[in-house]
Amino acid sequence: MLLITNLITIAYSENAEKELSIGESFHYETTLTWRGVLGDLFRIKPEKPPQYKNYTDTMTIKLPKPENQGITLEEAIKKRRSVRNYSGKPVTMSQLSQLVFSAQGTTGKTYDHPLRTTPSAGALYPFEIYVIANNVDTLDQGIYHYGVLNHTLELVESGDFRKEITSAGLKQEMLGDSDVVFVLSAIFDRTRHKYGERGFRYVYIEAGHISQNISLQAVSLGLGSVSVGAFLDNEVNQLIGVDGQKEAVIYLHAVGTL
Ligand SMILES: Cc1cc2nc3c(=O)[nH]c(=O)nc-3n(C[C@H](O)[C@H](O)[C@H](O)COP(=O)(O)O)c2cc1C
């Protein structure tokens, strides 16, 4: 009896002294301190991956110019709400063009480096945007990649992926019911090669900027949308064809007509 009591006491005290949880460690290990900043100078960082990813040898669709003139920003902020029920009417190509532009379109240049609609640490832009087209008026169903520089969609795989994205999204029906699901996928080393492990935090922060832009843009277009963080990572990674390590899906955003 004494032995069992001792074992329980040891188990509990070990638990109490257990180092940080994974989440706490992540935060701790990516906390900036002067010592860390200096240490980082000597740490080997990964090679810089290419700034742009493109799907060549595939059907490429030029999107219409994003020229929507919607409601005021103040109205959009006030009206924004997560919407999970959609009418089933398709979104138009012009709406899709405006949405994907708001996510990561180019809006200017510094020296010769294109800048985008969202802020990005060091202007390194780690995100790739994939579009799962469920119901777009003149676009075949399929998975597309956004070509940032030319404002194009590059076909990754054609077909109806409504079941797959719903199942990968823990059966959240709105993913299959929506007209478009934006998949925000990050190439970590674009940011990490400069900022080291702190770069991971920047990547997650940037996902929020992109999703917020889509959200407010959807309101301005009279559409409904919802950000989705609950999904089976590996299933969504597989769906868009990324390895989940060098490039991984961070966030989803479903949009549909009201
Ligand atoms: C990081 C994050 C993850 C989220 N994940 C989901 C999700 O998986 N499914 C969902 O229906 N809503 C999701 N939401 C939406 C929230 O439920 C919603 O923003 C919250 O209930 C507040 O409502 P509102 O957006 O209408 O103001 C998420 C929101 C954030 C910011």
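My numbering applies: residue 49 is where the sequence shown begins, and numbers increase by one.
For each residue, glycine too, the CB sits at the ideal point set by N, CA and C.
Query, Result
"Which of helix, strand or coil DSSP assigns to E62", "Residue confidence for E62 is low, a pLDDT of 48 falling below 50, so the modelled location carries little weight; the figure read from the coordinates is stated next. In the structure shown, E62 sits in a helix (DSSP, three-state: H, G or I)."
"Contact set for I298: own chain, Cβ-Cβ below 6 Å, skip 5 residues either direction", "L232, A234 and A255"
"Of the listed residues T239, Y159, D291 and R249, nearest to K96 (C-alpha basis)", "T239"
"Under 8 Å between C-beta atoms of I213 and V228", "no"
"Within 8 Å, strictly: CB atoms of S273 and A302", "yes"
"Test item: CB-CB of A124 and L218 under 8 Å", "no"
"Cβ separation of A216 and V284, assumed to be a contact under 8 Å, to the nearest whole Å", "5 Å"
"Distance between G247 and F236 (C-alpha atoms, nearest Å)", "8 Å"
"S168 - DSSP class collapsed to helix/strand/coil", "coil"
"Span of the alpha helix (DSSP H), counted from its first residue to its last, around Y250", "R246 to S268"
"Beta-carbon gap between P167 and H257 smaller than 8 Å", "yes"
"Burial state of P138, where buried means 16 or more other Cβ atoms lie within 10 Å", "buried"
"Classification of P174 by the beta-carbon crowding that lies within 10 angstroms, buried from 16 upward", "buried"
"8 Å Cβ cutoff met for T78 and R249", "yes"
"Cβ separation of H204 and Y100, assumed to be a contact under 8 Å, to the nearest whole Å", "The displayed chain sequence assigns Val, not His, to residue 204. About 15 Å; that fails the 8 Å criterion."
"Classification of G41 by the beta-carbon crowding that lies within 10 angstroms, buried from 16 upward", "Nothing can be reported for residue 41: it is not among the residues displayed for the chain, which extend from 49 to 306."
"Meets three-Cβ-pair contact criterion under 8 Å: the segment 143-163 and the segment 195-203", "yes"
"Heavy atom of ligand 1 within 7 Å of R132 beta-carbon", "yes"
"As assigned by DSSP and simplified to three states, the class of A216", "helix"
"Runs of alpha helix (DSSP H) wholly within the segment 69-101 (minimum 4 residues, chain order)", "70-77 and 82-90"
"Proximity below 8 Å, CB of Y178 to CB of I288", "yes"
"Residues of its chain near E67, where Cβ-Cβ distance is below 8 Å and the 5 sequence neighbours each way are ignored", "S73"
"Extent of the continuous beta strand (DSSP E) to which E202 belongs", "T200 to S206"
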